[in-house]
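Residue numbering for the sequence shown follows the numbering used here, starting at 77 and increasing by one per position. Think of the CB as a built atom: it goes at the ideal place given N, C-alpha and C, for glycine as much as any other residue.
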Amino acid sequence: MIERRLFRVTGTVQGVGFRPFVYRLAADLRLAGYVGNDTDGVFIEAQGDSDRLDELSRRLLEESPPLAHIATLEAVTVAPGDGDGGFRIIDSRAEGAPAVAVSVDVATCDDCLAELMDPADRRYGYPFINCTNCGPRYTIIRSIPYDRASTTMAGFHMCDACRAEYENPADRRFHAEPNACPVCGPRIRLLDPGGQVLTTGADALDRTAALLTGAHVLAVK
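The structure is reproduced here in structure tokens:
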């Protein structure tokens with residue numbers, strides 16, 4: 077039997093790759109509908125065979141991303157809608173006081189570390205490398221729901237290569253809000269006490285390390 081259900085998910089479900097996870101689940105189960113963030117957590121409307129909707133509920137709990145923590149999962153039946161539009165990630169809804177848990181910053185994952193150390197990779201040596209499984213979260217958030225426009229990354233516009241990753245459901249950077257690279261993302265600079273730029277990029281890292289090992293004190297901003 078075909079039906080449509082509204083799912084409400086609360087907990088640590090923003091900034092952890094939860095929307096891309098739901099998107100892939102829905103595509104795998106051939107469900108129509110959408111997923112989005114709001115001030116309470118994540119909302120999902122999914123339409124399809126009732127058995128597949130039951131499986132969606134089960135897999136949301138059993139296969140959620142490693143950084144996610146589901147506090148509650150509720151579902152109610154709603155009126156059927158357009159079942160031919162596929163499944164999509166929609167714009168967030170900022171209504172009411174924020175109640176969603178904010179994810180902590182996460183250390184660089186093994187996949188990103190491999191890219192970081194690969195001279196053939198376009199992010200070789202890039203200190204701000206990240207994906208949906210790692211990187212900054214809490215320290216870049218300005219408001220909830222968690223979207224790039226609500227973070228300190230809002231001023232960095234993704235280049236074509238990063239945008240292609242961000243929009244590709246098969247890519248681990250699918251809807252990774254801090255996604256960036258040396259072409260379009262933040263860059264590192266070393267300044268003297270008067271605010272004058274001494275050097276940038278990899279040389280700034282090397283000189284910073286030398287200063288620290290030489291017993292100097294530095295501030296990181």
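I believe residue i touches residue j by the beta-carbon criterion, under 8 Å. Please report the beta-carbon distance rounded to the nearest angstrom.
i	j	result
L274	L266	5 Å
Y110	I146	The pair is not a contact, with the Cβ atoms about 19 Å apart (cut-off 8 Å).
V156	F94	For clarity, residue 156 is Pro in the given sequence; the question names Val instead. That pair is no contact at about 25 Å.
A173	T115	7 Å
Y222	Q90	4 Å
C188	I216	With a Cβ gap of about 16 Å, C188 and I216 do not count as contacting.
L192	R198	L192 to R198, Cβ: 11 Å. No contact.
F163	Y214	The pair is not a contact, with the Cβ atoms about 29 Å apart (cut-off 8 Å).
Using only CA atoms, which one of the options lies nearest to residue i?
i	options	result
L143	T184, R283, R128 and Y200	T184
P203	Y214, A291, R263 and D197	R263
V85	A246, G117 and N206	G117
L101	E121, G91 and G87	E121
P96	S126, N209 and M234	N209
G270	G277, L294 and G261	L294
A175	D194, S219 and F163	S219
D181	D158, A170, A196 and P212	P212
T276	G290, A291 and P258	P258
S126	I78, D236 and A291	I78
Counting along the chain, where does the alpha helix (DSSP H) carrying residue i start and finish?
i	result
V98	F94 to D104
A286	G277 to T289
E138	S126 to E138
A237	D236 to Y242
L267	L267 -> not in any alpha helix (DSSP H); beta strand (DSSP E) instead, spanning R265 to L267.
C25	There is simply no residue 25 to check, as the chain begins at 77 and stops at 297 in what is shown.
Following the continuous beta strand (DSSP E) through residue i, name the residue where it begins and the one where it ends.
i	result
E150	H145 to V154
T208	Looking at the DSSP string, T208 is not in any beta strand (DSSP E), and its letter there is neither H nor E.
A108	A108 to N113
E79	I78 to T88
R164	F163 to I165
Examine the ligand ADP and report whether any of its heavy atoms sits within less than 6 Å of the Cβ of residue i.
i	result
T215	The ligand content of the structure shown is nil, which means the ligand ADP is not present either.
Quick one, are the C-beta atoms of residue i and residue j less than 7 Å apart?
i	j	result
S168	V92	no
L105	R128	yes
T153	R81	yes
C207	C238	no
A108	G161	yes
R249	E243	no
F83	A151	yes
A278	G201	yes
If contact is defined by three or more beta carbon pairs under 8 Å, each pair taking one atom from either stretch, is the stretch 254 to 262 in contact with the stretch 220 to 238? Yes, they touch.
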